[in-house]
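Chemist:
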Amino acid sequence: MSQYQAPLSDIGFLLKNVFNFDAHAQRCGAESDTDIALAIAEEAGKFARDRIDTISRGGDTQGARWHDSQVTTAPGFKDAYAAFCEGGWAGLRFPEEFGGQGLSPVIATLVDEMWQAASLSFGLCPMLTNGAVEALLTAGSDALKETYLNKLVSGEWTGTMNLTEPGAGSDLAAVQTKAVPQADGSYRVFGQKIFITYGEHDYTDNIIHLVLARTPDAPKGVKGISLFVVPKFVVEADGTLGARNDARCASIEHKLGIHGSPTAVMLFGERDGAVGYLVGEENRGLEYMFIMMNEARFSVGLQGLSVSDRAYQHALEYARERVQGRAVGEDGSQGKAIIRHPDVRRLLLSMKSRNDAMRALAMYVAMQKELAHAVAAGPQAMAEAQSRMELLIPVLKGWFTETAQGVTSDALQVFGGAGFIEETGAAQYFRDARILTIYEGTTAIQANDLVGRKTVRDGGKAAFALLDEIEQDVRALAALDDASAQALSVRLGEACVALRGVVGWLLETNAGNPRAVYAAAVPYLDLWGTVCGGWMHALRVRGAKLRVDLL
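Using this note's numbering, the final residue of the sequence shown is 551, and nothing's skipped along the way.
(1) Evaluate contact between the segment 201-209 and the segment 227-242, counting only Cβ atoms and requiring at least three cross-stretch pairs below 8 angstroms.
(2) Beta strand (DSSP E) containing Gly231: first to last residue?
(3) In whole angstroms, give me the CA-to-CA distance for Arg431 and Gly260.
(4) What residue from Asp481, Asp458, Ser484, Val490 has the CA that sits closest to Gln472's CA?
(5) Given this structure, state the Cα-to-Cα distance separating Ser308 from Val456, to the nearest angstrom.
(6) Measure from the alpha carbon of Leu499 to the alpha carbon of each residue in Tyr518, Thr54, Ala247, Ile470, then state which is nearest.
(7) Counting only the same chain and skipping the five closest in sequence on each side, list residues whose C-beta sits under 7 angstroms from that of Leu305.
(8) Quickly, what does DSSP pair Cys249 with across the bridge? List them, please.
(9) By the three-class DSSP mapping on this structure, what secondary structure does Tyr4 have?
(10) Hey, Leu110 and Ile11 are a contact pair by Cβ (cut 8 angstroms); roughly how many whole angstroms apart?
(11) Would you identify the three-state DSSP class for Tyr277, choosing helix, strand or coil?
(12) How is the alpha helix (DSSP H) around Val300 delimited, first residue to last?
(13) Return the chain-ordered list of same chain residues with a C-beta closer than 8 angstroms to the C-beta of Gly100, the five sequence neighbours on each side being excluded.
(14) According to the Cβ coordinates, are Ala132 and Gly167 closer than 8 angstroms?
(15) Any idea which residues DSSP pairs Asn20 with across the strands?
(16) Provide the residue span of the alpha helix (DSSP H) that contains Gly398, from first to last.
(17) Taking the alpha-carbon positions, what's the Glu253 to Gly329 distance?
(18) Over what stretch of residues does the alpha helix (DSSP H) that includes Arg354 continue unbroken?
(19) Looking only at C-alpha atoms, which of Pro126, Leu163, Asn162 sits nearest to Lys151?
(20) Is the Cβ-Cβ distance between Glu200 and Pro105 less than 8 angstroms?
(21) Taking just the CA atoms, how far does Val175 sit from Thr556?
(22) Between which two residues does the beta strand (DSSP E) harbouring Ile194 extend?
(23) Excluding five sequence neighbours on each side, which residues of the same chain lie with their C-beta closer than 6 angstroms to the C-beta of Asp526?
(24) Give the single residue among Leu103, Asp53, Glu96, His67 whose Cα lies nearest to the Cα of Ala80.
(25) Of the residues Gly406, Phe77, Gln303, which one's Cα is nearest the Cα of Gln62?
(26) Contact check, Gly278 vs Tyr187 under 8 angstroms by CB: the rounded distance?
Structure below.
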């Protein structure tokens, strides 16, 4: 198999020529700059290549193993995780007061792409831990923060997200897990959770489960769900580990892909009840869990880019090395690398084009995440950034992961018959990518969110505001003295007009025929992704043109 190479050249181009990261950091009052970002990205790329990519194949072929409630991860995974934490990669984005490095979400996004590209299975564990940290930072009490955050931020402990039950998948109103209050302020948790990523493993001494459950007198439906911290081992007052909690892994799933990631069935309260601690207030658990879920949805979208880029790199190397037939339109006899064949080039260029659009959009959304919390930027800029981010999160999650299905399929197609053989490794990316449109909310759930919460609820205000921004860039592109840029501006402008019309149709139709609106939700999301992808290419063209003009 090919060796993973971090896209450092493209990252540098985006930071310097497309988004002006230095100006962004200054606006946010952050200490980061392009030089720092590129230095960190370079080191992260080396780690991803040398420590994570090298274990990816074994993770797929050997996978995690379960025995007697314990899980042994695939060869090399535990050592790679220890090195990951030793290198300080676990706490990159989090506040220094809890042991993190306090770096920009943009920088965190750059390196997260690399972890996931090198191995989706490996990258899932820190991804879920990051979500747990975000939830506790936002909603946790001082006592919970003091007990858990430093260890989670350092990676010494890991975190999980426990929502799904056998009878409660997308419909969280059906959650049946119970949490019974105790005299000491803790709770006893009873129930079963399924599809829990890294619910059990051998990386760390403790695993911190964030669990959705109902208290005895809770209202029915989603308004009666609370969130609890349930550690694998109870943590004593002095921070040491105490008794094993009444929580265990009953089994792990046998899956189509991501074999290196243990997906656990978790049982809570088989005896006296698992000790749990309330996060925030009772009956607000779904609100808090959405903090974790939004972080996870952004990260899963990023996984779509990551696996697409890794599949593209693998296919590109094969196309350069595989000699087969005479290329159309070229002189000579047999013996040309298949990259010379027009359709193979079409596949590769299409893959790269989609990857480039996704990487730029991921960086743009990461910048909005940072700006939304940047007091130095002022309340109006913060509110506008929050609005853009909330609108684009379902687009990023849904469109990136659907795009990954096509890119990984095209990568396998470049291999031809060899791609259908497991030994070449092309099939791994195809299989691994398939879960991305399902977990952390299916594409339809993302699309429903985009329609209901992000478009209809505010009367299209956020959608029209973003279209205004895109059309402003269309006009700037049209003003360039470049025929290709002008041609792109025409097509992108037409796409914006079409999308405006669709937003208007949604708003007009929803009151009288909501079923028609939601039947169109996934195509609506796809249209947003396509327009935003074209927008990102427009920004790339403008950045390239301006860079050339400066030479």
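C-beta atoms are modelled at their ideal positions from N, C-alpha and C, and glycine is treated no differently.
Modeler: In this structure, then:
(1) yes
(2) At residue 231 the sequence reads Pro, which differs from the Gly that was named. Looking at the DSSP string, the run of the beta strand (DSSP E) that includes Pro231 is 226-231.
(3) 13 angstroms
(4) Val490
(5) 32 angstroms
(6) Ile470
(7) Glu113, Asn355, Met358, Arg359, Ala362, Phe400
(8) Met266
(9) coil
(10) 6 angstroms
(11) strand
(12) 285-321
(13) Gly91, Leu92, Arg93, Phe94, Val153
(14) no
(15) According to DSSP, which records beta bridges pairwise, Asn20 is partnered with nothing at all.
(16) 379-415
(17) 51 angstroms
(18) 342-372
(19) Pro126
(20) no
(21) The requested residue 556 does not occur in the structure, where the chain is confined to residues 1 to 551.
(22) 187-197
(23) none
(24) Asp53
(25) Phe77
(26) Looking at the sequence itself, residue 278 is Leu, so the reference to Gly does not match. The pair is a contact, with the Cβ atoms about 6 angstroms apart (cut-off 8 angstroms).
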